[in-house]
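A.B. asks: Please find one structure pasted underneath; my questions will follow.
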Ligand code: UDX
């Protein structure tokens with residue numbers, strides 16, 4: 029198949045590269061010349077393990093190319109994927125669809141022969157119908173169908189998620205378009221990945237419902253963790269015991285400092301807005317959004333308590349600031365709430381993160397960046413483990429105690445065993461234990 033991917037952000041780039049690895053011919057389009065030039069030189073604007081090799085391999089095989097020329101790329105395509113951003117609109121929590129609709133208009137003018145226009149971006153229910161209307165209005169003679177094909181890629185594991193998905197969701201309403209989509213995903217069907225064919229609205233809803241459910245699951249365990257602290261239970265045991273029930277499952281039950289990232293915060297807010305607009309409010313998700321904010325703030329209180337209610341003038345080491353490990357993404361990271369609060373309270377914050385500097389430098393003013401955890405902890409009066417990068421999972425706790433001025437640790441990802449930490453000489457707090 030000849031595929032065109034509009035947008036070389038996270039979703040567009042990972043999907044485009046993986047489709048080319050299936051054996052399709054893929055052209056990735058972006059509006060930013062510097063992005064296209066960088067990609068042509070094999071430089072990847074995001075940190076995603078394995079993506080650089082996969083990209084190089086498929087460029088070398090001449091199945092993958094990059095261009096600024098949307099019209100030519102669309103004219104050749106059997107299917108055009110829209111993978112542009114849908115950020116939260118300022119002020120009202122809605123998904124901003126400007127980029128999606130602009131792309132639809134441009135695509136409409138360039139269509140040539142039967143083409144399926146597929147939305148990969150996360151878009152509110154009804155958007156695909158609107159895309160269809162826009163294309164029809166812009167080019168009444170166009171021979172096309174629309175399809176909704178939401179992505180479920182986790183940053184840091186995106187290639188694995190693309191190649192071995194739990195399921196592929198395709199919203200499509202004509203046999204011709206179903207046929208094209210089936211051909212595109214044939215390599216996954218051969219590997220017995222389930223493909224769910226449904227209507228456009230259901231496909232759009234599946235994406236929001238799945239993400240909101242996962243965000244709810246995390247938030248549920250975060251609230252249970254807060255209660256565990258009061259009653260003397262251990263949330264790790266509680267998660268384990270709950271998760272063994274196959275109806276619940278053990279994934280996304282790790283208590284922590286609150287969820288962040290490019291999807292959960294944005295998608296929960298968008299779903300809440302959609303519900304309000306249709307007079308069918310999703311109150312559970314509205315609560316999740318508020319509780320997640322409160323969870324992040326609760327972490328600040330935890331650190332303050334650990335530091336005898338004052339961090340003023342104290343050196344504090346922060347291990348990890350990206351919203352999760354194996355990404356350089358800082359979007360809605362809990363660190364963006366916690367670190368500024370500490371800096372604001374007069375702490376001298378030293379940060380170390382394997383990939384966080386590039387994006388984090390501008391977002392976390394007033395901190396000192398270090399390249400080694402022990403350097404960051406030297407003479408510190410507290411250390412906060414905020415993102416569970418592998419580098420921070422096997423610290424030599426005795427060495428930690430030795431280098432610190434006052435050995436106190438807030439382990440906000442429950443990486444260490446409280447007993448080990450205390451035996452090493454740390455004053456130790458974690459989440460829900
Ligand atoms: C998520 C979804 O998993 C993916 O399917 C979707 O399409 C995009 O959004 P991503 O944002 O990359 O992926 O990260 P994910 O691994 O889901 O983690 C999201 C946040 O939840 C992180 O801040 C993570 O630290 C937090 N989290 C996750 C927890 O606090 N506890 C958990 O048990 C799991």
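Numbering (the numbering used here), first residue to last: 29 to 461. For glycine and all other residues, C-beta sits at the position ideal for the given N, C-alpha and C. For clarity, every value in this text was computed on a predicted model and none was experimentally measured.
1. Below 8 Å, can you find three or more Cβ-Cβ pairs linking the stretch 64-73 to the stretch 81-91?
2. Would you give the residue range spanned by the beta strand (DSSP E) that residue 455 belongs to?
3. Tell me the DSSP bridge mates of residue 56?
4. Please report the residue range of the alpha helix (DSSP H) in which residue 159 lies.
5. Under the assumption that residue 535 contacts residue 196 (Cβ atoms under 8 Å), give the Cβ distance between them as a whole number of angstroms.
6. Who sits around the ligand UDX, taking every residue whose Cβ is closer than 5 Å to one of its heavy atoms?
7. What residues match up with residue 199 in a beta bridge as DSSP calls it?
8. Apart from the five residues just before and just after residue 373, which ones in its own chain have a Cβ nearer than 8 Å to its Cβ?
9. Select from 435, 376 and 349 the residue whose C-alpha is nearest the C-alpha of residue 384.
10. Less than 7 Å separating the beta-carbons of residue 4 and residue 417?
11. State the DSSP-derived secondary structure class of residue 322, mapped to helix, strand or coil.
12. Per DSSP, what are the beta-bridge partners of residue 377 in this structure?
13. Excluding the 5 residues preceding and the 5 following residue 436 in the sequence, name in chain order all residues of the same chain whose CB lies nearer than 6 Å to its CB.
14. Going by DSSP, what residue range makes up the alpha helix (DSSP H) through residue 118?
15. Helix, strand or coil for residue 461? Go by DSSP, reduced to three states.
16. Let me know the beta strand (DSSP E) ranges lying completely inside the stretch 202-282, each 3 residues or longer, listed in chain order.
17. From the DSSP secondary-structure annotation, give me the bridge partner or partners of residue 83.
18. Report yes if the C-beta distance between residue 225 and residue 208 is below 7 Å; otherwise report no.
19. Threshold first: 4 residues or longer. Then list the alpha helix (DSSP H) segments lying entirely within the stretch 354-407, N to C.
20. DSSP three-state call for residue 439: helix, strand or coil?
21. With distances taken between CB atoms, is the gap from residue 217 to residue 292 smaller than 7 Å?
22. Is there contact between the stretch 304-314 and the stretch 379-394, where contact requires at least three CB pairs shorter than 8 Å?
23. Name the DSSP beta bridge partners of residue 412, please?
24. Consult DSSP for residue 143 and reduce its assignment to one of helix, strand or coil.
25. Just to confirm, are residue 425 and residue 404 a CB contact at a threshold of 7 Å?
26. Closer than 7 Å by C-beta to residue 297: which residues in its own chain qualify, once you throw out the five before and the five after it? Chain order, please.
27. Under a Cβ-count criterion, where at least 16 other Cβ atoms within 10 Å of its own Cβ denotes burial, should residue 259 be classed as buried or exposed?
28. Starting from residue 107, follow its DSSP beta bridges and name the residues at the other end.
29. Terminal residues of the continuous alpha helix (DSSP H) containing residue 465?
30. Could you pull the start and end residues of the alpha helix (DSSP H) that residue 337 belongs to?
31. Please name the residue, chosen from 91, 289, 278 and 413, that lies closest to residue 358 on a Cα-to-Cα basis.
32. Label residue 439 either buried or exposed according to how many other C-beta atoms from any shown protein chain fall within 10 Å of its C-beta, with 16 as the threshold for buried.
33. Leaving aside the five residues before and after residue 125 along the sequence, list all residues of the same chain whose C-beta is less than 7 Å from its C-beta, in chain order.
34. I think residue 322 touches residue 460, with their Cβ atoms under 8 Å apart; what is that distance to the nearest whole Å?
C.D. replies: Considering the structure as presented:
1. yes
2. Taking the first residue of the chain shown as position 1, residue 455 is located at position 427. Start and end: 455-458.
3. Reading the chain shown from its first residue, position 28 is the one you call residue 56. BP columns for residue 56 point to 33 and 94.
4. As a working note, residue 159 is residue 131 in the chain shown. 155-166 is the extent of the alpha helix (DSSP H) around residue 159.
5. This structure gives no information on residue 535, because the portion of the chain shown stretches from 29 to 461.
6. 180, 182, 183, 246, 280, 282, 284, 287, 288, 289, 291, 351 and 352
7. Along the chain shown, read from residue 1 onward, the residue named residue 199 stands at position 171. For residue 199, which the question treats as bridged, DSSP gives the partners 176 and 226.
8. For the purposes of this step, residue 373 is identified with residue 345 of the chain shown, where counting begins at 1. Cβ within range, chain order: 332, 338, 339 and 340.
9. Numbered from its first residue, the chain shown carries residue 384 at position 356. Closest by alpha carbon: 349.
10. The shown model of the chain, from 29 to 461, leaves out residue 4, and the question about it has no answer.
11. Within the chain shown, the letter at position 294 stands for residue 322. Helix at residue 322.
12. Taking the first residue of the chain shown as position 1, residue 377 is located at position 349. Answer by DSSP bridge pairing, in chain order: 344.
13. Here residue 436 is taken as the residue at index 408 of the chain shown, counted from 1. Here the set comprises 334, 410 and 455.
14. Position 90 of the chain shown, counted from the start, is the residue given in the question as residue 118. Premise fails: residue 118 is in no alpha helix (DSSP H) and is neither H nor E.
15. Here residue 461 corresponds to residue number 433 of the chain shown, with the count starting at 1. Coil, per DSSP.
16. 223-226
17. Counting from one through the chain shown, the residue named residue 83 turns up at place 55. The partner list for residue 83 (beta bridge, DSSP) is empty, contrary to what the question assumes.
18. Residue numbering aside, residue 225 sits at position 197 when the chain shown is read from its first letter. Residue numbering aside, residue 208 sits at position 180 when the chain shown is read from its first letter. Not in contact: residue 225 and residue 208 (Cβ atoms no closer than 7 Å).
19. 363-372, 385-391 and 401-405
20. Position 411 of the chain shown holds residue 439. Three-state result, residue 439: strand.
21. Taking the first residue of the chain shown as position 1, residue 217 is located at position 189. Taking the first residue of the chain shown as position 1, residue 292 is located at position 264. No; because the gap between Cβ atoms is not below 7 Å, this pair is not in contact.
22. no
23. Position 384 of the chain shown, counting from 1, holds the residue named residue 412. Partner(s): 346 and 438.
24. Your numbering for residue 143 matches position 115 in the chain shown. Correct three-state label for residue 143: strand.
25. Translated into the one-based positions of the chain shown, residue 425 becomes position 397. Translated into the one-based positions of the chain shown, residue 404 becomes position 376. Taking 7 Å as the Cβ cut-off, residue 425 and residue 404 do not qualify as a contacting pair.
26. As a first step, residue 297 must be located in the chain shown, where it is residue number 269. The residues are 116, 121 and 317.
27. Here residue 259 corresponds to residue number 231 of the chain shown, with the count starting at 1. It counts as exposed.
28. Sequence index remark: in the chain shown, residue 107 carries index 79 (1-based). In the DSSP output, where bridge partners are listed per residue, residue 107 has 31 and 144.
29. Outside the shown range of the chain, which is 29 to 461, sits residue 465, and nothing can be said about it.
30. Translated into positions along the chain shown, residue 337 becomes position 309. Segment: none, residue 337 is in no alpha helix (DSSP H) and carries neither H nor E.
31. By one-based count along the chain shown, residue 358 stands at place 330. Ranking 91, 289, 278 and 413 by Cα distance to residue 358 puts 289 first.
32. Walking along the chain shown from the start, residue 439 turns up at place 411. Flag for residue 439 reads buried.
33. Working through the chain shown from its first residue, we reach residue 125 at position 97. Cβ neighbours of residue 125 beyond the five flanking positions: 114, 151 and 155.
34. As a working mapping, residue 322 is identified with position 294 in the chain shown. As a working mapping, residue 460 is identified with position 432 in the chain shown. Not quite, the Cβ-Cβ distance comes to about 15 Å (not below 8 Å), so this is no contact.
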